[in-house]
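Asks:
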Amino acid sequence: MQLDPAQKTILKATATAVGMFAFVFVVMVPLYNVLCKVTGLNGKTDPNPYKAVPAAVDTSRTITVQFLATNNKGMHWDFKPSTHKVEVHPGEIGSLTFYVRNPSGKDMVGQAIPSVSPFEATDYLHKTECFCFTSQPLLAHEEKYMPLKIIVDQDLPKHIKKLTLSYTLFDITDMNKKRTAGLQ
Amino acid sequence: MSDHHHGPEKGLMRWVLTTNHKDIGSMYMWFSFAMFLLGGSMAMVIRAELFQPGLQIVEPNFFNQMTTMHGLIMVFGAVMPAFVGLANWMIPMMIGAPDMALPRMNNWSFWILPFAFALMVSTLFMEGGGPNFGWTFYAPLSTDYAPPSTTFFIFAVHMMGVSSIMGAINVIATILNLRAPGMTLMKMPLFVWTWLITAYLLIAVMPVLAGAVTMMLMDIHFGTAFFNAGGGGDPVLFQHVFWFFGHPEVYIMILPAFGIVSAIIPAFSRKPLFGYTSMVYAVASIAFLSFIVWAHHMFTVGIPLVGEIFFMYATMLIAVPTGVKVFNWIATMFRGSLSFETPMLFSVAFVVLFTIGGFSGLMLSIAPADFQYHDTYFVVAHFHYVLVPGAIFAIFAGTYYWLPKWTGHMYDTALSKVHFWMSFIGMNLTFFPMHFVGLAGMPRRIPDYNMQFADFNMISSIGGFMFGVTQLLFLFIVIKCVRGGEKAEAKPWEGAHGLEWMVPSPAPYHTFTTPPDVK
Numbered sequence: 001m002q003l004d005p006a007q008k009t010i011l012k013a014t015a016t017a018v019g020m021f022a023f024v025f026v027v028m029v030p031l032y033n034v035l036c037k038v039t040g041l042n043g044k045t046d047p048n049p050y051k052a053v054p055a056a057v058d059t060s061r062t063i064t065v066q067f068l069a070t071n072n073k074g075m076h077w078d079f080k081p082s083t084h085k086v087e088v089h090p091g092e093i094g095s096l097t098f099y100v101r102n103p104s105g106k107d108m109v110g111q112a113i114p115s116v117s118p119f120e121a122t123d124y125l126h127k128t129e130c131f132c133f134t135s136q137p138l139l140a141h142e143e144k145y146m147p148l149k150i151i152v153d154q155d156l157p158k159h160i161k162k163l164t165l166s167y168t169l170f171d172i173t174d175m176n177k178k179r180t181a182g183l184q
Numbered sequence: 001m002s003d004h005h006h007g008p009e010k011g012l013m014r015w016v017l018t019t020n021h022k023d024i025g026s027m028y029m030w031f032s033f034a035m036f037l038l039g040g041s042m043a044m045v046i047r048a049e050l051f052q053p054g055l056q057i058v059e060p061n062f063f064n065q066m067t068t069m070h071g072l073i074m075v076f077g078a079v080m081p082a083f084v085g086l087a088n089w090m091i092p093m094m095i096g097a098p099d100m101a102l103p104r105m106n107n108w109s110f111w112i113l114p115f116a117f118a119l120m121v122s123t124l125f126m127e128g129g130g131p132n133f134g135w136t137f138y139a140p141l142s143t144d145y146a147p148p149s150t151t152f153f154i155f156a157v158h159m160m161g162v163s164s165i166m167g168a169i170n171v172i173a174t175i176l177n178l179r180a181p182g183m184t185l186m187k188m189p190l191f192v193w194t195w196l197i198t199a200y201l202l203i204a205v206m207p208v209l210a211g212a213v214t215m216m217l218m219d220i221h222f223g224t225a226f227f228n229a230g231g232g233g234d235p236v237l238f239q240h241v242f243w244f245f246g247h248p249e250v251y252i253m254i255l256p257a258f259g260i261v262s263a264i265i266p267a268f269s270r271k272p273l274f275g276y277t278s279m280v281y282a283v284a285s286i287a288f289l290s291f292i293v294w295a296h297h298m299f300t301v302g303i304p305l306v307g308e309i310f311f312m313y314a315t316m317l318i319a320v321p322t323g324v325k326v327f328n329w330i331a332t333m334f335r336g337s338l339s340f341e342t343p344m345l346f347s348v349a350f351v352v353l354f355t356i357g358g359f360s361g362l363m364l365s366i367a368p369a370d371f372q373y374h375d376t377y378f379v380v381a382h383f384h385y386v387l388v389p390g391a392i393f394a395i396f397a398g399t400y401y402w403l404p405k406w407t408g409h410m411y412d413t414a415l416s417k418v419h420f421w422m423s424f425i426g427m428n429l430t431f432f433p434m435h436f437v438g439l440a441g442m443p444r445r446i447p448d449y450n451m452q453f454a455d456f457n458m459i460s461s462i463g464g465f466m467f468g469v470t471q472l473l474f475l476f477i478v479i480k481c482v483r484g485g486e487k488a489e490a491k492p493w494e495g496a497h498g499l500e501w502m503v504p505s506p507a508p509y510h511t512f513t514t515p516p517d518v519k
C-alpha cells in the first residue's frame, strides 16, 4: 500500500502515542523495580530467602539491628517483635520471632513488607528465614509466632553501626479475593 | 443559499457536524472559557473559605474536592483547550493551509471534551463526593482512600487524553504536510513552531498519564498492586510515573504561550523578533529538558543523594534556554517604537510576571531548600505565577490580538484596558502574598490555618475576588465584539506580520483554498 506523506506522519505520531502507553508498563514499571533492587532505594529487601554462605564471623565489630512492627491503616492485628533489638557480629545469625494475632471474627490474610534504613545498608541485611516471604493467612482469633533469621553481611560499610528493619503489616484479604475472582 | 460550499450551514447542526477549523477553534475557545469560569468559581469557594482562619463556609472534604477540581479543570479544561482552539484558528492561516489535516478527527477531538468534563464534574454529586486527593492524585490517596467516584474520574482522564492526543496528531500532520510552498520550517511563525513541539510533547506524555490512571483502575478493581506495598508494589512509583507526565505537561501549558508572545511583541515594537533561530532552539531545548527533571517534584520522597543532585542541576539548566527567550523578548522591545495596545500590555506583563514565576521556580529547584518549601503556599505562588500571567495572560493577549481577525470588529479598547489592569492588579494581589505565607510555612490544600497567616490570606482573597469578577468583563467585551463594533481592517495592527493578516477581517469561512506564495 502506498502512503502519502501526511498518512506517514499520522502513522508515526499514532505509533508514538501507542508506544508511550506501552512504555509505561513494559519499561517504566520493571525499570523502577530493577533500580530499587540495585540501589536499595526505599529500603526494599530481597523478596527471596538468602542462602547463607560459610564465612568467618567478623568479631571485630558488633552491629545493632532494631526491629519495628507497624500496622498499615485499616489493619487491626496485634503485631510485635519478641525483642526490639539484637546485637550481632557480621556473619553471625540472629534470630527472633514476631507475634501476630487476628483479633477479628473473620478469617484474614496479612502481608508484612520489610524496609531497611539507612537505604545504603539494604543489601547487607540478609534474611534466611522470614514471614515476609509469603502472605500470612490467619483464621478468626488465631495467633502465631513467626520466626525471623537475619545475617548482617561482613561487607557492611564500616560507618554503619546500627540498622533498622521495619515491617509494615498490610491487610490483603480483599486484594486476594479480587485476584482469585480475576483468575476465574 | 445557491452556493452552499462557501458558507457555514445554518442552525445547531453546523456546530455538531462541522469540520471547519475556524468553527472548531471557536468551540474550543468557548468551551475553554466556560471551564475557566467553572474552575474559577471553585477558586472563589477556596478563597472565601480561606478569607479568615477557622472553618466557616465549607466542609474540609468539600474544600479538598474544590482544590482538586479547580486544578484539574484549569489544567485540562481551560488552558489546554484554549491553546488547541488558538492552534485550530491560527495554524492553518499562518502556514497558508486550507484547513487542518484531519478535519473530521478534529471535530471528534473537540466533542469528546464536553462529555469528559460532564463526567468528571458529575462526580461532585455522587455518593462520597468527587476527587478529593489533589490534582496530582497521588496513590494511595487516589486508590485505597479514594471516594467510589474515582472510577469515573479515571475514565474522564482517559477521554481527555484521547482528545489531546488526537488534537496533537492533527497539529503535527497539518504543520508537517500542509505548509504553503515556500513556507520552510525556519520561516514558520514561532506560534506554529511552539505548537509543533508542544504536540510532540503531548503524544509523548498523555499516554503516560493514561498509563498511570489505568494502573490506578487496575489496583482499585482488579487486585493488582502497582502502587500497593502490601502486594509488592510501591506508592512512590506512582509519583515517578505521574511526574514523568506532569513535568512535560507544564511545558505543554506554556510553550504555545511563548509563541503567542513572540508574535505580539515584535508587532507592537515595530521590529522583527530578535533571535528567531535561538528562540526555536530554546523551545526545543526546554522540551527536551522537560523529560529529565521530573523528580524535582519529589525531592522529599526519599531519593538517593546523587538523584537529588542530578535533578537539581538538570532543573537549573532549564533557566538557560528560558533566559534566552526572556532576553530575546526584551531585546526585541529595546529601541523599538513601542505602543501599548491591549495585546502588548498582556504580553509585557507576561514577560515580567512569568520571569518572577521562573525565579521562584529556581528557588524551588534547590534540593536542600525545597525541603522547607515543599507542599507550602510558596509552591502555590510559584505555579500560579507561571500559569496565570504566563499561560492565561498569553491567551488573553492572543485573543485581543486576533479577535478583530475572527469577528471582523474592533473590540472596545478602553474596556479591554480596564480588563488588563484589573486582572494585573487582582492577580498580583492574590498570588504575591502567597510567597510570604509559604515561606513562613503555611501548608497547601488545608481549609484552615494558623492565625499568623490571617492578614496575607485576606489580601489574597480580596485579590482573588477582584480577578474573578474581572473575567466577567472579558466575557462582556468578547460578546460585544462578536455582536458588532467598529469595522476591523484586514491588518488592524500596522506592525503585525504573517499570512493571517493577508485575508480579510472577518476571516472568510474558507481561507487559502489555493496556497499563497511565500517569499
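Line by line, the protein sequences give chains A and B.
The numbering of the first sequence is this note's numbering, which starts it at 1 and goes up by one.
The numbering of the second sequence is this note's numbering, which starts it at 1 and goes up by one.
For glycine and all other residues, C-beta sits at the position ideal for the given N, C-alpha and C.
1) For B/Phe474, count neighbouring C-beta atoms within 10 Å of its own C-beta (all shown protein chains included) and say buried if the count is 16 or more, exposed if not.
2) Just the chain A side, please: which residues come within less than 9 Å of B/Pro207 by C-beta, in chain order?
3) Which residues in the same chain have their Cβ closer than 6 Å to the Cβ of B/Phe453, if we skip the five residues on either side of it in sequence?
4) Ignore the nearest five residues each way along the sequence and tell me which others in A/Thr180's own chain have a CB closer than 7 Å to its CB.
5) Figure out for me which residue from B/Leu439, B/Pro433, B/Ala43 has the closest Cα to the Cα of B/Asn457.
6) So, helix, strand or coil for A/Lys178, using DSSP?
7) Looking at the C-beta of A/Asp171, does it have a partner C-beta in chain B at a distance below 9 Å?
8) When DSSP labels each residue in this structure, what does A/Glu120 get in the three-state scheme?
9) Inspect the beta-carbon positions of A/Leu68 and A/Leu165 and report whether they are closer than 9 Å.
10) Which residues in chain B have a C-beta closer than 8 Å to the C-beta of A/Lys178? List them in chain order.
11) Compare the C-beta of B/Tyr527 against all C-beta atoms of chain A and say whether one is closer than 9 Å.
12) Under DSSP, the beta strand (DSSP E) around A/Asp78 begins and ends at which residues?
13) Flag this pair as yes or no: are the beta carbons of B/Ala263 and B/Leu178 separated by less than 9 Å?
14) Closest by CA to B/Leu255, which one among B/Met206, B/Lys325, B/Phe36?
15) Opposite B/Pro114 in the DSSP bridges: which residues?
16) Do three or more CB pairs link the segment 199-215 of chain B to the segment 16-32 of chain A at distances below 8 Å?
17) Per the DSSP calculation, A/His126 is bridged to which residue(s)?
18) Under 9 Å, do B/Asn170 and B/Leu124 count as touching if we go by C-beta distance?
19) Could you name the residues of the same chain whose beta carbon sits closer than 8 Å to that of B/Gly128, not counting the 5 residues immediately before and after it, in chain order?
20) Got a sec: which bits of the segment 283-308 of chain B sit with their beta carbon under 7 Å from any beta carbon on chain A, in order along the chain?
21) Compute the distance between the beta-carbons of B/Phe258 and B/Leu190, then report whether it is under 9 Å.
22) Tell me, to the nearest whole angstrom, how far the beta carbon of B/Leu209 is from that of B/Phe245; I am working on the premise that it is less than 8 Å.
23) Please go through the same chain and pick out, in chain order, the residues whose beta-carbon is closer than 7 Å to the beta-carbon of B/Ile112, but skip the five residues on each side of it.
24) Should A/Lys127 be flagged as near chain B, meaning a C-beta pair shorter than 9 Å?
25) Which residues in chain A sit within 9 Å of B/Val241, going by Cβ to Cβ distance?
26) Skipping 5 residues on each side, what residues in its chain have a beta carbon closer than 6 Å to that of B/Gly182?
27) Pull up the DSSP beta-bridge partners for A/Met108, would you.
28) Got a sec? Which residues, its chain only, sit under 8 Å from B/Ser2 by beta carbon, not counting five neighbours each side?
29) Using beta carbons (cut-off 9 Å, strictly below), is A/Leu41 in contact with chain B?
30) Can you tell me which of the three DSSP states B/Phe83 falls into?
31) Is the shortest distance between the beta-carbon of B/Phe436 and the beta-carbons of chain A less than 9 Å?
32) Within 10 angstroms of its Cβ, does B/Ser505 collect 16 or more other Cβ (buried), or is it exposed?
33) Taking 8 Å as the cut-off, does the segment 400-415 of chain B touch the segment 493-508 of chain B (at least 3 CB pairs, one atom from each stretch)?
34) Comparing the C-beta of A/Thr168 with each C-beta of chain B, is any distance below 9 Å?
35) Might you give, ordered along the chain, the residues of its own chain that have their beta carbon closer than 8 Å to the beta carbon of B/Asp219, omitting 5 neighbours on each side?
36) Closest by CA to B/Ala284, which one among B/Tyr145, B/Pro207, B/Gly307, B/Trp193?
Replies: Inspection of the coordinates gives the following:
1) On the second sequence, residue 474 of chain B is found 474 positions in, with the first residue counted as 1. Under this definition B/Phe474 is a buried residue.
2) Your numbering for residue 207 of chain B matches position 207 in the second sequence. Result: Thr16, Ala17, Val18, Gly19, Met20, Phe21, Ala22, Phe23, Val24.
3) Sequence index remark: in the second sequence, residue 453 of chain B carries index 453 (1-based). Here B/Phe453 has Val437, Met442 as same chain residues with Cβ atoms under 6 Å from its own Cβ, once five neighbours each way along the sequence are excluded.
4) Residue mapping note: residue 180 of chain A aligns to position 180 of the first sequence, counting from 1. Closer than 7 Å at the Cβ level, and outside the excluded window around A/Thr180, lies no residue.
5) Here the question's residue 457 of chain B lines up with position 457 in the second sequence. Here the closest residue by C-alpha is B/Pro433.
6) Taking the first sequence and counting its residues from 1, one reaches residue 178 of chain A at position 178. Of the three classes helix, strand and coil, the one that applies to A/Lys178 here is helix, per DSSP.
7) Along the first sequence, one-based indexing puts residue 171 of chain A at 171. Closer than 9 Å to some Cβ of chain B, the Cβ of A/Asp171 qualifies, so yes.
8) Residue 120 of chain A sits at position 120 when you count from the first residue of the first sequence. Looking at A/Glu120 - three-state DSSP - the assignment turns out to be helix.
9) Stepping through the first sequence from its first residue, residue 68 of chain A is reached at position 68. Stepping through the first sequence from its first residue, residue 165 of chain A is reached at position 165. In this structure, A/Leu165 lies closer than 9 Å to A/Leu68 by Cβ.
10) Taking the first sequence and counting its residues from 1, one reaches residue 178 of chain A at position 178. Chain B residues near A/Lys178: His221, Phe222, Gly223.
11) The question about residue 527 of chain B has no answer, for chain B in this structure spans 1 to 519.
12) For the purposes of this step, residue 78 of chain A is identified with residue 78 of the first sequence, where counting begins at 1. It spans 78-81 - the beta strand (DSSP E) in which A/Asp78 sits, taken as one unbroken run.
13) For the purposes of this step, residue 263 of chain B is taken as residue 263 along the second sequence, with counting starting at 1. For the purposes of this step, residue 178 of chain B is taken as residue 178 along the second sequence, with counting starting at 1. Taking 9 Å as the Cβ cut-off, B/Ala263 and B/Leu178 do not qualify as a contacting pair.
14) The residue labelled residue 255 of chain B in the question sits at position 255 within the second sequence. Of the listed residues, the one whose Cα sits closest to B/Leu255 is B/Lys325.
15) Stepping through the second sequence from its first residue, residue 114 of chain B is reached at position 114. None; B/Pro114 has no bridge partner.
16) yes
17) If you number the first sequence from 1, residue 126 of chain A lands on position 126. According to DSSP, which records beta bridges pairwise, A/His126 is partnered with A/Ile151.
18) Here residue 170 of chain B is taken as the residue at index 170 of the second sequence, counted from 1. Here residue 124 of chain B is taken as the residue at index 124 of the second sequence, counted from 1. No.
19) Translated into positions along the second sequence, residue 128 of chain B becomes position 128. Same-chain partners within the cutoff: Pro147, Pro148, Ser149.
20) Gly302, Pro304
21) The residue given as residue 258 of chain B occupies position 258 in the second sequence. The residue given as residue 190 of chain B occupies position 190 in the second sequence. Yes.
22) As a first step, residue 209 of chain B must be located in the second sequence, where it is residue number 209. As a first step, residue 245 of chain B must be located in the second sequence, where it is residue number 245. 4 Å between Cβ atoms; contact.
23) The residue labelled residue 112 of chain B in the question sits at position 112 within the second sequence. Same-chain partners within the cutoff: Met159, Val162, Ser163.
24) Reading the first sequence from its first residue, position 127 is the one you call residue 127 of chain A. At least 9 Å separates the CB of A/Lys127 from every CB of chain B.
25) Taking the second sequence and counting its residues from 1, the one referred to as residue 241 of chain B is at position 241. Correct list: Val24, Met28, Val29, Tyr32.
26) Here the question's residue 182 of chain B lines up with position 182 in the second sequence. Answer for B/Gly182: Val518, listed in chain order.
27) To locate residue 108 of chain A, count along the first sequence from 1; it is residue 108. Per DSSP, A/Leu138.
28) Numbered from its first residue, the second sequence carries residue 2 of chain B at position 2. Residue placement at B/Ser2 cannot be trusted, given a pLDDT of 43 that sits under 50; what the coordinates show is reported in the next sentence. Excluding residues within five positions, none has a Cβ falling inside 8 Å.
29) The count along the first sequence starts at 1 and reaches residue 41 of chain A at position 41. Yes, its Cβ sits closer than 9 Å to a Cβ of chain B.
30) The residue given as residue 83 of chain B occupies position 83 in the second sequence. Helix.
31) Your numbering for residue 436 of chain B matches position 436 in the second sequence. By this cut-off, B/Phe436 is not an interface position.
32) The residue you call residue 505 of chain B lines up with position 505 of the second sequence. B/Ser505 counts as buried, since no fewer than 16 other beta carbons sit within 10 angstroms of its beta carbon.
33) yes
34) For this step, residue 168 of chain A is matched to residue 168 along the first sequence. Interface residue, yes.
35) The residue labelled residue 219 of chain B in the question sits at position 219 within the second sequence. Answer for B/Asp219: Ala139, Thr143, Ala225, Phe226, Phe227, Asn228, Gly233, listed in chain order.
36) Position 284 of the second sequence, counted from the start, is the residue given in the question as residue 284 of chain B. The shortest C-alpha separation from B/Ala284 is found at B/Trp193.
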